[in-house]
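All remarks here apply to the structure that follows.
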Amino acid sequence: MSQTWWRGAAIYQVYLRSFADGNGDGVGDLAGLRARLPYLKDLGIDAIWLNPWYPSPMADGGYDVADYRDIEPDFGTLAEAERFIAEAHDLDIKVIIDVVPNHSSTESAWFREALANPAARDRFWFSDEPANDWQSIFGGSAWTQVPDGQWYLHLFAPEQPDFNWANPEVHREFEDVLRFWFERGVDGFRIDSAALLYKSDTGYEDLDEVHDVYRRWREVADEYGERVLIGEVWLPDQERFARYLRPDELHTAFNFDFLSCPWDPAALRRVIDLTLATHTPIGAPPTWVLSNHDVTRPVTRYGRADTTFEHGGRLHGTPSDPELGYRRARAAALLSMALPGSVYVYQGDELGLPEVENLPDELRQDPMFARSGGANPGRDGCRVPLPWSGDEPPYGFGTGTPWLPQPESWRGLTAQAQRTDPGSMLTLYRTALAIRRDRLGDGTMTWLPLGENVLAFTRESGLTCVTNLGPGPVPRPAGEVVLASGPLEDGALPSDTTVWLTTS
Numbered sequence: 002m003s004q005t006w007w008r009g010a011a012i013y014q015v016y017l018r019s020f021a022d023g024n025g026d027g028v029g030d031l032a033g034l035r036a037r038l039p040y041l042k043d044l045g046i047d048a049i050w051l052n053p054w055y056p057s058p059m060a061d062g063g064y065d066v067a068d069y070r071d072i073e074p075d076f077g078t079l080a081e082a083e084r085f086i087a088e089a090h091d092l093d094i095k096v097i098i099d100v101v102p103n104h105s106s107t108e109s110a111w112f113r114e115a116l117a118n119p120a121a122r123d124r125f126w127f128s129d130e131p132a133n134d135w136q137s138i139f140g141g142s143a144w145t146q147v148p149d150g151q152w153y154l155h156l157f158a159p160e161q162p163d164f165n166w167a168n169p170e171v172h173r174e175f176e177d178v179l180r181f182w183f184e185r186g187v188d189g190f191r192i193d194s195a196a197l198l199y200k201s202d203t204g205y206e207d208l209d210e211v212h213d214v215y216r217r218w219r220e221v222a223d224e225y226g227e228r229v230l231i232g233e234v235w236l237p238d239q240e241r242f243a244r245y246l247r248p249d250e251l252h253t254a255f256n257f258d259f260l261s262c263p264w265d266p267a268a269l270r271r272v273i274d275l276t277l278a279t280h281t282p283i284g285a286p287p288t289w290v291l292s293n294h295d296v297t298r299p300v301t302r303y304g305r306a307d308t309t310f311e312h313g314g315r316l317h318g319t320p321s322d323p324e325l326g327y328r329r330a331r332a333a334a335l336l337s338m339a340l341p342g343s344v345y346v347y348q349g350d351e352l353g354l355p356e357v358e359n360l361p362d363e364l365r366q367d368p369m370f371a372r373s374g375g376a377n378p379g380r381d382g383c384r385v386p387l388p389w390s391g392d393e394p395p396y397g398f399g400t401g402t403p404w405l406p407q408p409e410s411w412r413g414l415t416a417q418a419q420r421t422d423p424g425s426m427l428t429l430y431r432t433a434l435a436i437r438r439d440r441l442g443d444g445t446m447t448w449l450p451l452g453e454n455v456l457a458f459t460r461e462s463g464l465t466c467v468t469n470l471g472p473g474p475v476p477r478p479a480g481e482v483v484l485a486s487g488p489l490e491d492g493a494l495p496s497d498t499t500v501w502l503t504t505s
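Numbering-wise, the sequence shown is residues 2 to 505 according to my numbering.
Written out as structure tokens, the structure reads:
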């Protein structure tokens, strides 16, 4: 791959606990991931992005990091992580890992030292009383009291104390963490909650000082060559968002406007146009994301009357038409893969997995559920372990009982069941990713005027993408059909269907 491989890459997100279990304890691990690398190579992805694999009490699915330089024992060892990186590279697959700079874990060495020695507390935000009335993103107060009477800040769960980035020691620590993993072959970092690091009397989101952090991180990354920094940046202001992608800061950032957009032609057109208008002047490639480990799966979301997404579980349990959602998810997959830039695939979306909304309350582990008193069901429904093979749970995930239960209805959605089915979601993804590697990815696009309910554009390679979001069929442009998300009618494109065409 070129030094700018990340500009047009297809990146597969692995939520390790739920990907594949190699030792039979019911939790996904590096052994399971390593065994499934041939599957990912066959799928056609360019890179793997892993959610946190560090030692953690798992108060927030690993985002409460106790040690940034080691591997969670449930997942494996540091030596095994190094073998995984090498094996992925042997298959020409890049490796991106999460880094969590906003907060730590109450079990980290730094925080334990802070509790034992008040003189060591300036790495975090301690106060004699709550300094403000900020609320945790997970619900409840963002301040928790320690036994000697002081309070500490946590924008997320109480087990996740926020770092004080006004302390130079925090800067040095994370620069060293970046180097630690770069020297072990990691190709990039996805930066969790990238806009939240600095705090002031007026707020904590997107303060100007945060850009100095990423300028320095970019210098570190550039020392190693071919490395990428990817920001998790939720900002409604596109001008502010674009600042993170200046040439001396992050390489790319997640496109949450696209992820949250309803299945509506006008809304999608606005988001795509805004995305391109934001990225083009600064020379940064867009990213296209349909879901991730925090988001309702597309098959369920697109089957609802309201197809938007927002945190808070507002639509959890509302009726969803599975056939409609499945058809739209296929169409959305081809639309997102055809757009210029890089594309992300969350594990299981290539299998067409729906959201699991009927998990027993006693098995839910997401702190959003507990902190909201059950009002917010949390994100466990998109984190259920993957089905690989067989007709009943655990569907080849491992030999033990999975940490979250899999539905009986998944027997027809296993990777094995779909592997040789020409009409399966897995076959669609494999075929599309192979075509994308040759003919799509980074570049530009030109819109085609085919009606208000149709999104149509051409790419430099001569490939045309047409998506019909209207209520009925529309005329299909002339050209040879390269791939379609669903059955085509003679000379027409059915509703909720995407087709790739070429005239060259």
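Here a beta-carbon is modelled for each residue, glycine too, at the ideal position from N, C-alpha and C.
Remember, predicted model here, so these are calculated numbers, not experimental data.
Collapsed DSSP secondary structure at residue i in the structure displayed
i: residue 448; result: strand
i: residue 317; result: coil
i: residue 40; result: helix
i: residue 85; result: helix
i: residue 436; result: helix
i: residue 155; result: coil
i: residue 127; result: strand
i: residue 182; result: helix
i: residue 5; result: coil
i: residue 502; result: strand
i: residue 493; result: strand
i: residue 16; result: coil
i: residue 409; result: helix
i: residue 403; result: coil
i: residue 177; result: helix
i: residue 475; result: strand
i: residue 132; result: coil
i: residue 273; result: helix
i: residue 453; result: coil
i: residue 398; result: coil
i: residue 146; result: strand
i: residue 189; result: strand
i: residue 10; result: coil
i: residue 28; result: coil
i: residue 1; result: With the chain covering only 2 through 505, there is no way to say anything about residue 1.
i: residue 458; result: strand
i: residue 279; result: helix
Straight-line Cα distance separating residue j from residue i
i: residue 137; j: residue 205; result: 12 Å
i: residue 429; j: residue 183; result: 34 Å
i: residue 25; j: residue 383; result: 21 Å
i: residue 295; j: residue 477; result: 36 Å
i: residue 146; j: residue 131; result: 9 Å
i: residue 418; j: residue 391; result: 8 Å
i: residue 291; j: residue 432; result: 18 Å
i: residue 119; j: residue 372; result: 28 Å
i: residue 318; j: residue 14; result: 25 Å
i: residue 463; j: residue 234; result: 33 Å
i: residue 155; j: residue 66; result: 13 Å
i: residue 337; j: residue 281; result: 18 Å
i: residue 492; j: residue 265; result: 23 Å
i: residue 79; j: residue 187; result: 13 Å
i: residue 62; j: residue 253; result: 24 Å
Residue i, buried or exposed, once every other Cβ within 10 Å from all chains shown has been counted against 16
i: residue 411; result: buried
i: residue 300; result: buried
i: residue 211; result: buried
i: residue 298; result: buried
i: residue 353; result: buried
i: residue 56; result: buried
i: residue 168; result: exposed
i: residue 364; result: exposed
i: residue 8; result: buried
i: residue 359; result: exposed
i: residue 76; result: buried
i: residue 1; result: An answer regarding residue 1 cannot be provided, because it is not within the stretch 2 to 505 covered by the chain.
i: residue 190; result: buried
i: residue 407; result: buried
Exercise. Given 8 Å as the limit, is there contact between the segment 371-379 and the segment 391-402, that is, 3 or more CB pairs closer than that?
Worked result: no
Exercise. Can you give, in chain order, each stretch of the beta strand (DSSP E) that sits fully within the segment 294-362 and has at least 3 residues?
Worked result: 343-347
Exercise. Counting pairs of Cβ atoms below 8 Å between the segment 115-130 and the segment 13-31, do you hit three or more?
Worked result: no
Problem set entry | Every unbroken alpha helix (DSSP H) within the segment 195-270, with a cutoff of 4 residues, ordered by chain | 211-225, 239-244 and 257-261
Exercise. Hey, is the segment 99-110 in contact with the segment 81-89, meaning 3+ C-beta pairs nearer than 8 Å?
Worked result: no
Problem set entry | Touching by the beta-carbon criterion (3+ pairs, under 8 Å), the segment 270-289 and the segment 324-331 | no
Problem set entry | Continuous alpha helix (DSSP H) assignments of at least 4 residues falling wholly in the segment 366-392 | 368-372
Exercise. Do the segment 214-221 and the segment 169-184 make contact, defined as three or more Cβ pairs closer than 8 Å?
Worked result: yes
Problem set entry | At least three beta-carbon pairs within less than 8 Å, the segment 33-52 to the segment 95-102 | yes
Exercise. What are the complete beta strand (DSSP E) segments, minimum 3 residues, inside the segment 48-110?
Worked result: 48-51 and 95-100
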